[in-house]
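K.L.:
Under the UniProt record's numbering, the first residue of the sequence shown is numbered 1, with each subsequent residue one higher.
I am attaching a structure below and will ask some questions about it afterwards.
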Amino acid sequence: MSDTPDVDRLARSMLLLHGHDDEEHEHGHTPSPGGPGSWRKAPDFASDPERAAAVREATRRDRERYLSSGLVSIDCRFCHVAVQVKKLGPAHTSVQWNSEATARCAHFSEIRASGGDPARERACPRLADSIRHAVAEGCLEEYSSAPAPGDG
Ligand SMILES: [Zn+2]
């Protein structure tokens with residue numbers, strides 16, 4: 001009990017100092033240069049279009065890299081178009097058609113020729129076959145290791 005820590009006294013004197021300081025401020029009450037309500041505005045790039053473009057470009061590239069990670073180019077064995085495929089699971093395959101592939105796919109052409117709307121088709125069944133083959137050959141990494149219903 002006798003060894004009163006100096007810290008305690010120090011803290012108290014600091015408190016006193018602070019109190020004094022506060023009082024002085026209250027008396028002075030000089031408005032700060034920016035005014036109490038004026039926040040420093042967060043940097044928006046409106047005044048700096050070059051930087052804004054750079055930031056946007058970087059974001060776009062990041063997203064592209066994310067989207068294309070795990071994508072494998074698969075050739076449709078029937079119509080020989082290449083699409084980007086990402087296998088997310090046994091029942092979930094993400095296929096990214098580009099306009100050239102859509103235009104050249106024989107299955108889609110058939111639909112167009114018969115007056116149908118290829119946009120309503122989810123994928124070319126031959127391509128689905130090719131994807132299955134690619135998975136079987138280990139060309140396409142499947143994210144889940146469920147055993148495929150073996151066909152030899
Ligand atoms: Zn096809």
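Glycine included, C-beta positions come from ideal geometry on N, C-alpha and C.
Would you tell me roughly how many angstroms separate the C-alpha atoms of Asp62 and Val7, rounded to the nearest one?
P.N.:
Here residue 62 refers to the residue found at position 62 when the sequence shown is read from its first residue. Here residue 7 refers to the residue found at position 7 when the sequence shown is read from its first residue. Computed Cα separation, rounded: 52 Å.
K.L.:
What is the DSSP secondary structure of Glu24, reduced to helix, strand or coil?
P.N.:
Translated into the one-based positions of the sequence shown, residue 24 becomes position 24. With a pLDDT of only 46 at Glu24, under 50, the local geometry of the prediction cannot be trusted, and the value read off the model is given with reservation. Looking at Glu24 - three-state DSSP - the assignment turns out to be helix.
K.L.:
Under the criterion of a Cβ to heavy atom distance below 8 Å, does Val85 qualify as lining ligand 1?
P.N.:
Numbered from its first residue, the sequence shown carries residue 85 at position 85. Val85 Cβ: outside cutoff for every heavy atom of ligand 1.
K.L.:
Return helix, strand or coil for Ala54, following the three-state DSSP convention.
P.N.:
Walking along the sequence shown from the start, residue 54 turns up at place 54. Three-state DSSP puts Ala54 in a helix.
K.L.:
For the beta strand (DSSP E) that contains Asp75, what are its first and last residues?
P.N.:
In the sequence shown, counting from the first residue as 1, residue 75 sits at position 75. Its beta strand (DSSP E) spans residues 72-75.
K.L.:
What is the residue span of the beta strand (DSSP E) that His92 lies within?
P.N.:
Position 92 of the sequence shown, counted from the start, is the residue given in the question as residue 92. 92-96 is the extent of the beta strand (DSSP E) around His92.
K.L.:
Assuming Leu127 is part of the alpha helix (DSSP H), what are its boundary residues?
P.N.:
Here residue 127 is taken as the residue at index 127 of the sequence shown, counted from 1. Looking at the DSSP string, the run of the alpha helix (DSSP H) that includes Leu127 is 125-136.
K.L.:
Who are Gly89's beta bridge partners in DSSP?
P.N.:
The sequence position of residue 89 within the sequence shown is 89, counting from 1. According to DSSP, which records beta bridges pairwise, Gly89 is partnered with His92.
K.L.:
Mind checking His107: buried by the 16 CB within 10 Å criterion, or exposed?
P.N.:
By one-based count along the sequence shown, residue 107 stands at place 107. Classification of His107: buried, given that the 10 Å Cβ count is 16 or more.
K.L.:
In chain order, what residues of the same chain lie with their CB nearer than 7 Å to the CB of Ala123, ignoring the 5 residues before and after it?
P.N.:
As a first step, residue 123 must be located in the sequence shown, where it is residue number 123. The answer, listed in chain order, is Val95.
K.L.:
Exposed or buried, Ala134, counting other C-beta atoms within 10 Å across all chains shown (16 or more means buried)?
P.N.:
Counted from its first residue, the sequence shown places residue 134 at position 134. Counting Cβ neighbours within 10 Å, Ala134 comes out buried, since at least 16 surround it.
K.L.:
Just the C-alpha distance for Asp129 and Cys139, rounded to the nearest angstrom, thanks.
P.N.:
Along the sequence shown, read from residue 1 onward, the residue named residue 129 stands at position 129. Along the sequence shown, read from residue 1 onward, the residue named residue 139 stands at position 139. Looking at the two C-alpha atoms, the distance is approximately 14 Å.
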